[in-house]
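The structure appears below as structure tokens.
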Amino acid sequence: MIDKEVHDAGEAVSGIENGATIMIGGFGPPGQPVALIEALLNRGVSDLVVINNNAGAGGDAISRLFGAGRVRKVICSFPKAIGSTVFDELFLAGKIELELVPQGNLAERIRAAGAGIGGFFTKTGYGTELAADKEVRLIDGEHYVFETPLHADFALIRASRADRWGNLVYRKTARNFGPVMAAAAKVTIAEVDHVVALGELDPEIIVTPGIYVDRFISTGYAPTNPKVTS
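This is how it looks when you write it as structure tokens:
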């Protein structure tokens, strides 16, 4: 019987070792898998490469991961967030690397990895430092920059509901980078608010099929408005 639920966050992040490349879902706090990040902190791994939309949001779980000195490099769209100083201090001190990627490019690079696409051309970034040393091609009279896919060893994401097969649905803006990250990583680990019986999720609303999810934990969180959990 397929049952991908594990009952301990530490068990969920087992196998993540020093030097791993990890995608972490979230647009700031919405969609951020806090319990999994805390378990990663407790695991004590370091020299990590983190792919996330933004480099912390001031005191959140990702900021604590940076502050603990566990991250070697971050690939993100927004390194500066209101109230966030941890990443700034580390970056200015030369203690952490940054690869800055425009948000649309970041999402598409992750999606390309999951779709098996070897890269794509985009106008975004042309003529800026972000396009330095990248291939440029003239297409229909306009310049495009070649971007490569972003792969990861692990993806840590958050969803609203799951069944034991790992099928996932999300809640509102928590559905941001989770679906594309789930497809782009070798191992996908989800943190979900609660688990439902197999067959309870309407196949038409499943966003991330269980084939992309290796294991998940449930926090038992009950949304304030359960009518819109899909």
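Each number in my numbering corresponds to the 1-based position in the sequence shown with 275 added.
From the three backbone atoms N, C-alpha and C, an ideal C-beta is built for every residue, glycine too.
Check, Outcome
"Which residue from 345, 298, 287 puts its Cα closest to that of residue 426?", "298"
"Quick check: what's the CA-CA separation for residue 309 versus residue 347?", "20 Å"
"Give the range of the beta strand (DSSP E) segment to which residue 493 is assigned.", "490-493"
"For residue 277, is the classification buried or exposed, using 16 other Cβ atoms within 10 angstroms of its Cβ as the cut-off for buried?", "exposed"
"As an exercise, report each continuous alpha helix (DSSP H) stretch of at least 4 residues that is fully enclosed by the segment 354-411, in chain order.", "361-367, 378-390"
"Can you tell me which of 467, 364, 396 puts its alpha carbon nearest to the alpha carbon of residue 282?", "467"
"Here's a check: name, in chain order, each residue in its chain whose Cβ is nearer than 6 Å to the Cβ of residue 454, leaving out the five neighbours to either side.", "482, 483"
"With respect to the beta strand (DSSP E) encompassing residue 298, which residues constitute its N-terminal and C-terminal limits?", "296-299"
"What is the DSSP secondary structure of residue 352, counted as helix, strand or coil?", "coil"
"Go ahead and pull the three-state DSSP assignment for residue 317.", "helix"
"Cα separation between residue 497 and residue 288?", "Here residue 497 scores only 47 on pLDDT, less than 50, and its place in the model should not be relied on; the value that follows carries that caveat. Approximately 23 Å between the Cα atoms of the pair."
"Quick one: residues in its chain with C-beta nearer than 6 Å to the C-beta of residue 431, no 5 flanking neighbours on either side, listed in chain order?", "299, 308, 311, 464"
"On a Cα-Cα basis, can you pick out the residue from 408, 434, 433, 296 that is closest to residue 422?", "408"
"My output table needs one value for residue 483: the three-state DSSP class, helix, strand or coil.", "strand"
"Cα-Cα, which of 290, 294, 284, 303 is closest to residue 449?", "303"
"For residue 455, report the span of its alpha helix (DSSP H) as first-last.", "453-459"
"Counting C-beta neighbours from all protein chains within 10 Å, is the total for residue 221 16 or more, i.e. buried, or is it exposed?", "No answer is possible for residue 221: it lies beyond the span of the chain, which begins at 276 and ends at 505."
"If you draw a straight line from the C-alpha of residue 493 to the C-alpha of residue 469, how long is it?", "5 Å"
"Taking the alpha-carbon positions, what's the residue 343 to residue 480 distance?", "38 Å"
"Relative to the C-alpha of residue 319, which residue among 334, 439, 294, 378 is closest?", "294"
"Is the beta carbon of residue 388 less than 8 Å from the beta carbon of residue 395?", "no"
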